[in-house]
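Each protein sequence line maps, in turn, to chains A and B. In this text, residue positions in the first sequence follow this note's numbering: the first is 1, and each later residue adds one. In this text, residue positions in the second sequence follow this note's numbering: the first is 433, and each later residue adds one. Note that beta-carbon positions come from the ideal geometry of N, C-alpha and C, so glycine has one too. Have a look at the structure below before the remarks.
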Amino acid sequence: MSAADSLDLPSGRGEGLLATYGAWIAAAGALAVLPHVFRSGLAVSTMSLMGIMIIFALSYNMLLGQTGLLSFGHAVFFGLGGFLTVHMMNAAEGAGVRLPVALFPLAGGVAGLAFGVIFGAVSTRRAGTAFAMITLGIAELVSSSALILRHFFGGEAGVTTDRTGLFHPFGLTFGPQVQVYYLIAAWCFVSAAAMYALTRTPFGRICNAVRDNPERACFIGYSTRTVRFLAFSLSGMFAGVAGGLAAIDFEIVNSAQLGAAQSGAVILMVYIGGVGGFAGPIIGAILVTYLQATLSDITDVWQLYFGLLFIGMVMFAPEGIAGLLARQQPLLQRGQLHRVVPFYLLALLPGLAAATGLSLIIEMTNQLTVHAPDGPAMAFGYVRINANAFLPWLIGATLFLGGTWLFLRAARLAGDAYDGALAAPRTQKKPA
Amino acid sequence: MTPPSPALELINLRKSFGAMEIIRGVDLAVPSGERHAVIGPNGAGKSTLFHLVSGRFRPTAGSIRLRGEDISGMAPELINRRGLSRSFQVTNIFPRLTVWENVRCATLWSLGYKYSCWRNVERLADARRRTEEILTEINLIERWRTPAGVLTYAEQRALEIGLTIAGDADILLLDEPTAGMSRNETERVVSLIRKVSERRTLLMIEHDMGVVFDLADRISVLVYGEIIATGAPEQIKANAAVQEAYLGAQVA
Chain A
1 MSAADSLDLP SGRGEGLLAT YGAWIAAAGA LAVLPHVFRS GLAVSTMSLM GIMIIFALSY
61 NMLLGQTGLL SFGHAVFFGL GGFLTVHMMN AAEGAGVRLP VALFPLAGGV AGLAFGVIFG
121 AVSTRRAGTA FAMITLGIAE LVSSSALILR HFFGGEAGVT TDRTGLFHPF GLTFGPQVQV
181 YYLIAAWCFV SAAAMYALTR TPFGRICNAV RDNPERACFI GYSTRTVRFL AFSLSGMFAG
241 VAGGLAAIDF EIVNSAQLGA AQSGAVILMV YIGGVGGFAG PIIGAILVTY LQATLSDITD
301 VWQLYFGLLF IGMVMFAPEG IAGLLARQQP LLQRGQLHRV VPFYLLALLP GLAAATGLSL
361 IIEMTNQLTV HAPDGPAMAF GYVRINANAF LPWLIGATLF LGGTWLFLRA ARLAGDAYDG
421 ALAAPRTQKK PA
Chain B
433 MTPPSPALEL INLRKSFGAM EIIRGVDLAV PSGERHAVIG PNGAGKSTLF HLVSGRFRPT
493 AGSIRLRGED ISGMAPELIN RRGLSRSFQV TNIFPRLTVW ENVRCATLWS LGYKYSCWRN
553 VERLADARRR TEEILTEINL IERWRTPAGV LTYAEQRALE IGLTIAGDAD ILLLDEPTAG
613 MSRNETERVV SLIRKVSERR TLLMIEHDMG VVFDLADRIS VLVYGEIIAT GAPEQIKANA
673 AVQEAYLGAQ VA
């Protein structure tokens with residue numbers, strides 16, 4: 001009856017069990033069912049890795065997406081969490097301590113938190129570019145230490161462990177990969193829920209305020225340095241949990257896991273999935289892990305494709321996949337999505353053609369340079385081609401250039417269609 | 433018997449940037465509950481003075497006292513927690529957060545939630561009530577879902593004031609709250625300022641003489657980093673030095 005009611009102001013009351021927890025119940029169900037759908041060994045181990053990377057990417061998003069801190073050294077906490085977990089597992093096994101494997105990711109979390117506090121005390125004194133540079137320095141420091149302190153980091157070989165050698169309540173040996181999958185799934189669910197809950201606390205909201213406008217945050221009573229420090233430490237903790245799970249999953253940790261490539265990978269995941277929102281990093285972690293697993297089988301220059309994908313996303317869809325999806329939401333509400341989907345498909349076809357053409361050129365170049373001793377004969381997909389012949393190059397260039405041109409035109413049409421559909425009145429329904 | 437300390441007191445305050453002295457020995461006492469305006473020509477150092485008082489700049493010399501307590505050189509957040517809140521000349525809000533979230537963030541510290549990371553922010557009844565009150569007061573309640581970055585200029589200026597009063601500070605510093613506003617919008621902001629400055633101490637920088645003479649109990653005139661006159665509006669209008677230095681033909 002009051003004006004406040006008609007405005008639908010936040011009431012503080014929950015919106016019903018399903019509205020509040022529906023997505024989480026669905027996620028838990030999906031996590032439980034997935035290994036029964038994708039049963040192959042490769043699928044289960046890929047999904048295990050996805051679960052780990054989801055935690056890692058979400059922890060990175062606490063920094064970049066929620067607090068606006070670009071860190072180049074997030075793998076430090078992942079790796080150190082992994083090393084601590086492995087050493088704890090080995091120590092527990094050696095001493096005969098009866099601790100279940102399922103608890104060891106906690107060791108990773110504690111390590112991540114502790115190092116987050118130590119490195120955070122240094123790096124979060126500054127924000128922006130200075131912060132990014134300090135994290136880069138810390139990452140270099142830790143990865144070079146990893147090669148010097150061989151006793152702890154195991155040199156280039158790393159440190160191994162045996163997850164089956166520990167205490168096994170309820171007969172869970174964690175020998176079969178599927179048991180490890182469920183362990184990871186459970187930790188992934190709990191960590192994701194905890195990180196989501198954190199975004200909905202006063203601290204989480206103030207992180208957003210600091211991201212948006214650190215100066216103003218001081219003038220509403222908050223120390224931006226403290227906010228950055230807390231976010232950095234907590235983010236380190238969750239990265240450490242992810243590293244601990246990786247240690248249990250692989251039964252080995254080496255210095256590559258705290259190196260620059262791993263730090264780069266998490267930036268890639270978060271950017272491709274979408275910075276800021278909660279779904280973006282999850283999408284990014286799943287997609288990038290899947291591509292890493294599949295692309296690396298198909299081509300040995302898969303990292304080049306990642307670079308191109310990354311550049312493409314940052315240039316054309318800086319909000320990431322989650323952002324692209326979120327932009328369809330208002331159309332869905334207006335019942336206008338059917339007006340733009342044909343245009344998306346129209347853009348997709350030349351886009352795929354351009355990608356194929358570019359890939360053909362890259363693969364032929366790779367064949368003629370890196371694989372020069374093997375001769376010019378090669379396979380591109382199911383097609384056998386000769387990299388020295390003129391025709392494949394012509395086809396590659398034509399597909400790439402023509403596809404790009406058509407794609408850009410179709411993308412403009414799709415953009416116009418999008419604007420048109422958005423401008424359409426909300427009430428207008430398609431006649432039945 | 434000692435009189436109560438003024439809400440805000442500046443004693444021989446100085447600020448230099450390199451060899452340039454911008455604030456050159458300012459003395460000012462604003463008693464509790466007063467609406468005090470600082471006027472002066474462009475480049476007189478009015479905004480610098482606000483930056484000093486609010487902690488954005490550290491004074492070169494002199495002291496700033498908040499209810500008798502020395503706050504000179506303190507970090508902005510510490511000054512804010514002591515009950516002094518400021519607005520900015522150039523709108524300074526959280527552009528990606530909704531209007532609701534902007535104001536709620538500004539209420540959190542004063543309600544004691546600090547860095548709490550275990551409470552659900554949506555369940556904080558007092559923060560919700562206070563946010564609703566502020567939004568009603570600044571007339572933005574209907575825009576509560578809107579991201580602050582897409583508000584109109586006048587709405588952003590209103591939100592700027594909302595952020596300043598949300599923390600329940602009892603001393604407000606408003607830096608040109610009506611800058612760039614139409615006549616109508618200015619009138620609305622003046623009545624808003626009048627309302628929010630009840631039971632509070634107000635120090636404001638303002639260029640619009642109509643607003644200044646309408647709102648202020650007392651006025652200080654800052655010229656080249658020095659206060660050349662302080663007094664009631666009638667005294668300032670009549671002051672020959674002020675007329676020469678600043679008001680000139682505007683009032684005469």
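Below-8 Å beta-carbon distance, residue i vs any chain B residue
i, result
"A209/A", "yes"
"L230/A", "yes"
"D419/A", "no"
"Y222/A", "yes"
"N90/A", "no"
"T20/A", "no"
"L58/A", "no"
"G381/A", "no"
"L7/A", "yes"
"R98/A", "no"
"R327/A", "no"
"T493/A", "There is no way to answer for residue 493/A, as the model of chain A reaches only from 1 to 432."
"F119/A", "no"
"R216/A", "yes"
"F203/A", "yes"
"G461/A", "Because chain A in this structure spans residues 1 to 432, residue 461/A falls outside the shown range and cannot be described."
"A423/A", "no"
"N213/A", "yes"
"F219/A", "yes"
DSSP three-state assignment for residue i, whether helix, strand or coil
i, result
"R441/B", "For the sequence presented, residue 441/B should be read as Glu rather than Arg. Strand at E441/B."
"D459/B", "strand"
"H283/A", "Note that residue 283/A is Ile in the sequence shown here, rather than His. Looking at I283/A - three-state DSSP - the assignment turns out to be helix."
"K546/B", "coil"
"I651/B", "strand"
"V159/A", "strand"
"T124/A", "coil"
"T164/A", "helix"
"V275/A", "coil"
"K669/B", "helix"
"T173/A", "coil"
"E658/B", "strand"
"P202/A", "helix"
Min CB distance residue i to chain A below 8 Å
i, result
"E565/B", "no"
"A661/B", "no"
"N552/B", "yes"
"S486/B", "yes"
"R585/B", "This sequence places Tyr at residue 585/B; Arg is not what is there. It does not: the Cβ of Y585/B has no partner Cβ on chain A nearer than 8 Å."
"I525/B", "yes"
Counted within 10 angstroms of its Cβ, other Cβ atoms place residue i as buried (16 or more) or exposed
i, result
"M315/A", "exposed"
"Q428/A", "Reliability of the predicted coordinates at Q428/A is poor, the pLDDT of 46 falling under 50, and no value is obtained from them."
"H151/A", "exposed"
"P508/B", "buried"
"R228/A", "buried"
"G128/A", "exposed"
"S263/A", "buried"
"T539/B", "buried"
"V447/B", "One detail in the question is off: residue 447/B reads as Lys in this sequence, not Val. Per the 10 Å Cβ criterion, buried."
"W24/A", "exposed"
"H36/A", "exposed"
"H468/B", "buried"
"G450/B", "exposed"
Beta-bridge pairing of residue i - partner residues as DSSP gives them
i, result
"N213/A", "Beta-bridge pairing links N213/A to no other residue."
"D602/B", "None; D602/B has no bridge partner."
"G663/B", "I651/B"
"R518/B", "L605/B"
"A379/A", "R384/A"
"S635/B", "The sequence shown places Leu at residue 635/B, not Ser. L635/B pairs with H468/B and L605/B."
"P100/A", "F167/A"
"I252/A", "T160/A"
"T530/B", "P579/B"
Continuous alpha helix (DSSP H) assignments of at least 4 residues falling wholly in the segment 279 to 343 of chain A: With a minimum length of 4 residues, the continuous alpha helix (DSSP H) runs that stay inside the segment 279 to 343 of chain A are 279 to 298, 302 to 316, 320 to 326 and 329 to 334.
Alpha helix (DSSP H) segments (min. 4 residues) lying fully within the segment 570 to 630 of chain B: Complete alpha helix (DSSP H) runs here, min 4: 585 to 598 and 615 to 628.
Completely contained alpha helix (DSSP H) runs for the segment 442 to 513 of chain B, where each covers 4 or more residues: Unbroken alpha helix (DSSP H) stretches of 4 residues or longer found wholly inside the segment 442 to 513 of chain B: 478 to 486 and 508 to 513, given in chain order.
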